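Below: one structure, written as structure tokens.
In this note's numbering, the protein residues as written are 1 to 318.
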């Protein structure tokens, strides 16, 4: 009888494990295409959590369903259950298993975020701690990243209500769309001129808060050519939903050609969706609340107009 019980439990656990692994693999299709080296790390962590969560969910609901269907008391049975005081082995198991799982998840998450080297607002607010200093991201081995000596120059990212502005200091180019060469470590210098903003590209699986009055160094490695969408992940005011920009990942040759062509164009006022919506707004009802006027359109060499605004996070490979 005991052998039969062990076989049944073992078979059930094996089936649940296979179903959980399958569900974890399916989770990769729930996101936009992996467009950065960091996205591979995040998706791997998410798949692990989905696998683990599926196993726990199926195990708990399966045990409850079995109890409801096959462990019911008789129709007229009003007796109390057996007076069991406690079960020491059971107490140890349901204490040790959650503890081990929590430590496992914490350690794996820490490892992933250390590899990504994303600094949080507390690290920037209080200076680089030992944790932040050790979180230097190395490119994934599978990604052919160029040596650091040949990496692109830092790009200044300026956020304001409600427009993104990107400046390439070495070429004196300013744009409202971010261009990056593929398979090269991108280094951004994030700045906010007013309130808290968030640099968020879903296809890259990266998000970094931008704190007013500070310059935040932020790096990642794009690995897939295409056009992606940058959004403000923080509620920064009335028109924060309009604060979006294109991120164009292209070959190193195309990137250098774009910089050369952009440098030859004279600066002109950029298209600013928030500014246009504010200017054209017709609201006959006064709420008594003052609306912040969007920042004036910046002068840039290259601007993304309303004709191609907004594109999809599903990149269209050029």
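We put the beta carbon where it would ideally sit given N, CA and C, even for glycine.
From a predicted model like this one, the values you see are computed outputs, not experimental measurements.
Other residues of its chain near residue i: CB distance less than 7 Å, five sequence neighbours each side excluded
{"i": "residue 41", "result": "112, 115 and 116"}
{"i": "residue 5", "result": "none"}
{"i": "residue 170", "result": "153"}
{"i": "residue 28", "result": "43 and 47"}
{"i": "residue 71", "result": "none"}
{"i": "residue 94", "result": "none"}
Contacts around residue i, its chain only, beta-carbon distance under 6 Å, and the 5 residues preceding and following it disregarded
{"i": "residue 212", "result": "192"}
{"i": "residue 160", "result": "193, 194 and 295"}
{"i": "residue 238", "result": "291"}
{"i": "residue 265", "result": "301"}
Beta-carbon proximity check, residue i vs residue j, cutoff 8 Å
{"i": "residue 234", "j": "residue 196", "result": "yes"}
{"i": "residue 252", "j": "residue 299", "result": "no"}
{"i": "residue 272", "j": "residue 163", "result": "yes"}
{"i": "residue 208", "j": "residue 230", "result": "no"}
{"i": "residue 101", "j": "residue 52", "result": "yes"}
{"i": "residue 185", "j": "residue 219", "result": "yes"}
{"i": "residue 217", "j": "residue 187", "result": "yes"}
{"i": "residue 205", "j": "residue 77", "result": "no"}
{"i": "residue 178", "j": "residue 68", "result": "no"}
{"i": "residue 182", "j": "residue 223", "result": "yes"}
{"i": "residue 7", "j": "residue 58", "result": "no"}
{"i": "residue 37", "j": "residue 228", "result": "no"}
{"i": "residue 174", "j": "residue 304", "result": "no"}
{"i": "residue 189", "j": "residue 215", "result": "yes"}
Residue i, buried or exposed, once every other Cβ within 10 Å from all chains shown has been counted against 16
{"i": "residue 165", "result": "buried"}
{"i": "residue 269", "result": "exposed"}
{"i": "residue 263", "result": "exposed"}
{"i": "residue 291", "result": "exposed"}
{"i": "residue 203", "result": "buried"}
{"i": "residue 158", "result": "buried"}
{"i": "residue 147", "result": "Interpretation of residue 147 is limited by its pLDDT of 45, a score under 50 that renders its predicted location unreliable; no figure is taken from the coordinates."}
{"i": "residue 198", "result": "buried"}
{"i": "residue 24", "result": "buried"}
{"i": "residue 84", "result": "exposed"}
{"i": "residue 167", "result": "buried"}
{"i": "residue 54", "result": "buried"}
{"i": "residue 66", "result": "exposed"}
{"i": "residue 240", "result": "buried"}
{"i": "residue 210", "result": "buried"}
{"i": "residue 297", "result": "buried"}
Candidates the options: closest to residue i by CA position
{"i": "residue 277", "options": "261, 226 and 295", "result": "295"}
{"i": "residue 97", "options": "81, 293, 56 and 36", "result": "56"}
{"i": "residue 249", "options": "83, 172 and 180", "result": "180"}
{"i": "residue 49", "options": "32, 21 and 79", "result": "21"}
{"i": "residue 172", "options": "239, 258 and 13", "result": "258"}
{"i": "residue 360", "options": "39, 297 and 62", "result": "Residue coverage of the chain in this structure runs from 1 to 318, which leaves residue 360 outside it and unanswerable."}
{"i": "residue 82", "options": "73, 88 and 89", "result": "73"}
{"i": "residue 293", "options": "86, 236 and 105", "result": "236"}
Own chain partners of residue i with C-beta closer than 8 Å, once the 5 adjacent residues on each side are dropped
{"i": "residue 242", "result": "162, 273, 274 and 277"}
{"i": "residue 109", "result": "45"}
{"i": "residue 12", "result": "62"}
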